[in-house]
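Beneath this line is the structure, given in C-alpha cells, with notes to follow.
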Amino acid sequence: MGIFDYKRLESSSNPQRILRQTPLPMEGSPRLGPKGLIKKHEFVRILIQCLYSIGYEKSASCLELESGISCKSDDFQLLESQISSGNWDGCVDTLNAIKDLRDDTRAAALFLVFKQCLLEYLSCGDDKLALAILQKEVSALQVDRDKVHNLAWSILSWKEVEQSKIDDNAVRELRKKLLQELEKWLPSPITLPERRLEHLVETAVLSQIDSCMYHNLSDEVSLYADHSCSRDQIPTETVQILTEHKNEVWFVQFSNNGEYLASSSSDCTAIIWKVPEDGRVTLKHTLRSHHNPVSFVAWSPDDSKLLTCGNVEVLKLWDVETGTCKHTFGDPGFIVSSCAWFPDSKRLVCGSSDPEKGIYMWDCDGNELKAWRGMRMPKILDLAVTPDGQNLISIFSDKEIRILNVGTNAERVISEDHSITSLSISGDSKFFIVNLNSQEIHMWDVAGEWEKPLKYMGHKQSKYVIRSCFGGLNSTFIASGSENAQVYIWNRRNSRPIEVLCGHSMTVNCVSWNHRRPQMLASASDDHSIRIWGSSLSNKIQPQKLS
1 MGIFDYKRLE SSSNPQRILR QTPLPMEGSP RLGPKGLIKK HEFVRILIQC LYSIGYEKSA
61 SCLELESGIS CKSDDFQLLE SQISSGNWDG CVDTLNAIKD LRDDTRAAAL FLVFKQCLLE
121 YLSCGDDKLA LAILQKEVSA LQVDRDKVHN LAWSILSWKE VEQSKIDDNA VRELRKKLLQ
181 ELEKWLPSPI TLPERRLEHL VETAVLSQID SCMYHNLSDE VSLYADHSCS RDQIPTETVQ
241 ILTEHKNEVW FVQFSNNGEY LASSSSDCTA IIWKVPEDGR VTLKHTLRSH HNPVSFVAWS
301 PDDSKLLTCG NVEVLKLWDV ETGTCKHTFG DPGFIVSSCA WFPDSKRLVC GSSDPEKGIY
361 MWDCDGNELK AWRGMRMPKI LDLAVTPDGQ NLISIFSDKE IRILNVGTNA ERVISEDHSI
421 TSLSISGDSK FFIVNLNSQE IHMWDVAGEW EKPLKYMGHK QSKYVIRSCF GGLNSTFIAS
481 GSENAQVYIW NRRNSRPIEV LCGHSMTVNC VSWNHRRPQM LASASDDHSI RIWGSSLSNK
541 IQPQKLS
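For the sequence shown, the UniProt record's numbering gives the first residue as 1, with consecutive numbering after it.
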C-alpha cells in the first residue's frame with residue numbers, strides 16, 4: 001500500500017473524462033510555413049488551446065477529434081485524472097516518471113501535490129498520516145526550507161481555526177487550482193504556456209512595430225497585413241512659421257499638456273503661445289521683464305507656471321494664465337544658466353554658470369530649500385530633473401554628467417571625451433541624451449546599466465549650443481537642431497537620421513516635440529523664426545507674422 005491509500009473524499013463521483021483519441025494520420029507535410037520551421041502537430045495543439053481559452057470549446061473539441069491531437073499531453077491528462085480522483089500515490093509516481101524534468105521543477109511540483117493532500121488528510125481528521133507525510137516526504141524534497149516551515153506552520157494554524165472538514169465542492173475547487181499551478185510549473189511539451197498562440201502573434205506584431213522606423217501611432221494594429229508606417233506619421237513639413245521675435249530664437253519648449261508653446265530669444269523676451277485643437281499656433285503673452293537675452297525656459301509639470309533665465313540673467317517665475325511675473329529669484333548678480341521643476345510643481349532647481357553659486361533648490365516664493373555649492377560644484381551648463389522626481393542630472397566642467405539621486409544622495413559621474421552643450425530626459429525617466437560639440441548625440445540610461453552610450457550622428461555642431469529632444473509615441477524618436485540650418489530626426493534604434501528637415505536659413509538652436517501631439521514639432525533658429533512642423537498630410541498654413 002502507498003502512503004496515500006486511505007478512504008478518499010467523495011469528490012470524484014463524476015471524475016473528469018480523459019480525452020484519449022486514436023490519432024488519425026496527419027495529412028500532408030508534418031511541417032508548415034514557407035520555411036518549414038513550424039511543426040504541424042505543435043501548431044494544431046496551440047491552436048486548440050487558443051480555441052479553448054477564447055471560449056470556442058465545441059470547435060476545439062471537434063479539432064481534437066479530427067486531428068487526433070489533444071491540447072493536453074498524455075502525462076498531464078493522467079495527472080489530471082489522478083488529482084481529480086484523489087489518487088495521490090499515482091500522482092507522485094507520474095511526476096517521478098516524467099523524463100527530462102529538472103530536479104528543482106520536479107521538487108516544486110511534488111511540493112504542491114503534498115500540500116494539497118496534507119490539507120485533505122487534515123480535513124478527514126487523519127493527523128498522524130499528515131504528519132508522517134510532512135516529515136518523510138515533504139522534508140526530503142529539495143525545496144526552500146522556509147517553504148517547508150511555512151507549510152508546517154500554516155497546517156498547525158489551520159487546525160486551530162477550522163472546526164469542520166472541507167466540503168466536496170471546496171475540495172474540487174482546490175484540486176482544480178492545483179492543476180492550474182502544475183500547468184505553470186511543468187515545462188512543454190507536458191503543458192503549454194498559457195495563451196501560447198496569442199503570445200506568439202503578439203510577439204510577431206511587436207517585432208514588426210520595433211522594426212518600423214516611422215511608427216508613431218497609438219492606433220490598434222491589424223493582423224490582416226504586415227505592419228509598416230510611412231513617413232507621413234512623423235512631422236516632416238512646415239505647417240506654420242512664427243516670426244514675432246525680433247532676434248535670434250534660442251529656446252523653444254511645448255508644455256506638458258501640449259496646449260502651449262514657450263520660446264525665448266536674444267531680443268530679451270520670452271513668448272507664451274497657445275496651441276489650440278486645430279493646431280494653428282497663436283500668441284498668448286509676450287514676457288518683457290528681462291534686460292538681457294533669455295536662453296532657457298521650463299514649464300511646471302502642471303503647466304500653470306513658467307521659468308525663464310539666461311546666461312547673464314536672473315531667474316523669473318511667470319503665471320501662464322495672466323502673463324505676469326510672480327517672482328524673481330536671488331540677487332541681481334545671481335546668474336542662472338538652466339532650471340527645472342520637481343513633479344509637485346512647488347519646488348524648482350536652478351544651476352548657475354558662476355562656479356561659486358552651484359545649484360539651488362527653491363519653493364515658488366523664493367525660499368531656499370537646499371543648495372549644492374562649493375569646490376565640488378563647478379559652473380553648471382545644463383540641468384534637468386527626471387519626470388519621476390528621483391534624479392537630478394546636471395552637466396558641469398564641460399565634459400562631465402552628474403546623476404544625483406535626490407532621495408539617497410547617491411551620485412554617479414559620467415565623463416565624455418568632448419564638450420557637452422545640452423541635456424534632455426525621456427518622458428519615462430529612463431534615458432537622457434546629451435549634445436556634444438563633436439557632432440554626436442549620446443543616449444545614456446539613468447539607472448547606470450550601460451557601459452557605453454548609444455550614439456547618433458549626421459547633424460552639424462562644433463561652435464554653438466544645440467539642443468535636442470525625445471519625441472513621438474513612447475519617445476521613440478530623437479530630434480535635434482543643427483548649425484547647417486536643418487532639423488534632424490532619428491529613430492532611437494538607428495544611429496543615422498531618418499529625416500532631415502529643410503526650411504530655416506540659419507542655425508537651428510533648439511527643437512521641441514509636442515508630447516500630446518506626436519506629429520507636431522517646433523524648431524527655433526537664429527533666423528528669428530520658429531517653425532512648426534507637421535505630417536505631410538497636415539493642412540499647410542501659409543507663413544505669417546503674428547502680431
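In this text, a Cβ means the ideal position worked out from N, Cα and C, and glycines have one as well.
8 Å Cβ cutoff met for residue i and residue j
i: ALA371; j: LEU423; result: no
i: LEU242; j: ALA270; result: no
i: ALA479; j: SER462; result: no
i: LEU65; j: LEU473; result: no
i: SER330; j: LEU306; result: Position check: residue 330 holds Gly in this sequence, whereas Ser was assumed. Result no, Cβ atoms of GLY330 and LEU306 do not sit closer than 8 Å.
i: LYS460; j: GLU483; result: yes
i: PRO189; j: SER73; result: yes
i: GLY358; j: ARG412; result: no
i: SER123; j: ILE166; result: yes
i: PHE43; j: LEU32; result: yes
i: VAL205; j: VAL221; result: yes
i: LEU261; j: VAL281; result: yes
i: ARG175; j: GLN116; result: yes
i: ARG102; j: LEU95; result: no
i: SER304; j: VAL294; result: no
i: ASP226; j: GLN208; result: yes
Residues that DSSP places opposite residue i in a beta bridge
i: ILE441; result: ASN435 and TYR456
i: ASP382; result: ILE395
i: TRP273; result: LEU261 and LEU283
i: TRP362; result: LEU348 and GLU368
i: VAL297; result: THR308
i: LYS316; result: THR308 and THR328
i: SER233; result: Checking the displayed sequence, the identity of residue 233 turns out to be Gln instead of Ser. Beta-bridge pairing links GLN233 to no other residue.
Of the listed residues the options, nearest to residue i (C-alpha basis)
i: LYS284; options: LYS274, TRP318 and ASP74; result: LYS274
i: LYS246; options: GLY534, TRP533, SER536 and SER529; result: SER529
i: VAL171; options: THR238, LEU110 and GLY86; result: GLY86
i: CYS309; options: SER263, ASP167 and VAL92; result: SER263
i: residue 548; options: ILE335, ASP100 and ALA109; result: Since the first residue shown for the chain is 1 and the last is 547, residue 548 is missing from the structure and cannot be characterised.
i: TRP444; options: ALA485, GLU400 and ASN437; result: GLU400
i: ASN491; options: GLY279, CYS502, PHE477 and LEU192; result: PHE477
i: CYS502; options: GLN486, THR328, PRO276 and ASP417; result: GLN486
i: GLU277; options: CYS71, VAL294 and GLY258; result: GLY258
i: MET457; options: ALA447, LEU112, SER495 and SER429; result: SER495
i: GLU313; options: ALA298, ARG347, CYS268 and PHE342; result: CYS268
i: SER353; options: SER300, THR421, ARG175 and GLY407; result: THR421
i: PRO343; options: LEU182, GLY90, ASN169 and SER300; result: SER300
i: LEU182; options: ASP75, ALA410, GLU356 and VAL446; result: ASP75
Inter-residue Cα distance where the pair is residue i and residue j
i: GLN21; j: SER81; result: Residue placement at GLN21 is poorly supported in this model, since its pLDDT is 42, which falls under 50; the coordinates still yield a value, given next. Looking at the two C-alpha atoms, the distance is approximately 16 Å.
i: SER255; j: PHE296; result: 14 Å
i: LEU454; j: SER415; result: 15 Å
i: CYS212; j: SER230; result: 9 Å
i: GLU198; j: TRP185; result: 20 Å
i: PRO332; j: HIS291; result: 11 Å
i: PHE431; j: GLU499; result: 22 Å
i: ASP302; j: THR322; result: 15 Å
i: PRO23; j: CYS71; result: Because the pLDDT at PRO23 is just 46, under 50, the model does not fix this residue reliably, and the value given afterwards should be weighed accordingly. Distance between the alpha carbons of PRO23 and CYS71 is about 13 Å.
i: SER429; j: LYS326; result: 29 Å
i: VAL465; j: VAL434; result: 11 Å
i: HIS41; j: PRO34; result: 16 Å
i: HIS418; j: SER397; result: 11 Å
i: PHE111; j: GLN253; result: 59 Å
i: ASP527; j: LEU223; result: 47 Å
i: residue 583; j: HIS515; result: Residue 583 cannot be examined here, being either before or after the span of the chain that is shown, 1 to 547.
i: ILE380; j: LEU348; result: 15 Å
i: LEU179; j: GLY55; result: 19 Å
i: GLU248; j: ASN311; result: 15 Å
i: SER345; j: ASN437; result: 33 Å
i: ILE489; j: SER67; result: 52 Å
i: SER523; j: ILE532; result: 7 Å
i: PRO378; j: ILE234; result: 40 Å
i: PRO15; j: THR408; result: Reliability fails at PRO15, whose pLDDT of 36 lies under 50, so the model's placement of it is uncertain and no value is given.
i: LEU37; j: ARG45; result: 16 Å
Beta-carbon separation (whole angstroms), residue i vs residue j, contact threshold 8 Å
i: GLY481; j: CYS510; result: 6 Å
i: LEU63; j: LEU78; result: Rounded, the Cβ-Cβ distance is 22 Å, inconsistent with contact.
i: LEU521; j: GLY471; result: 7 Å
i: LEU192; j: GLN49; result: 5 Å
i: GLY427; j: PRO387; result: 6 Å
i: TRP250; j: ALA298; result: Not a contact, Cβ separation roughly 14 Å.
i: SER525; j: VAL508; result: 5 Å
i: ILE395; j: ILE425; result: That pair is no contact at about 12 Å.
Residue-chain proximity (residue i, chain C), Cβ-Cβ < 8 Å
i: LYS40; result: As a matter of chain content, chain C is missing from the structure shown, which is built from one protein chain.
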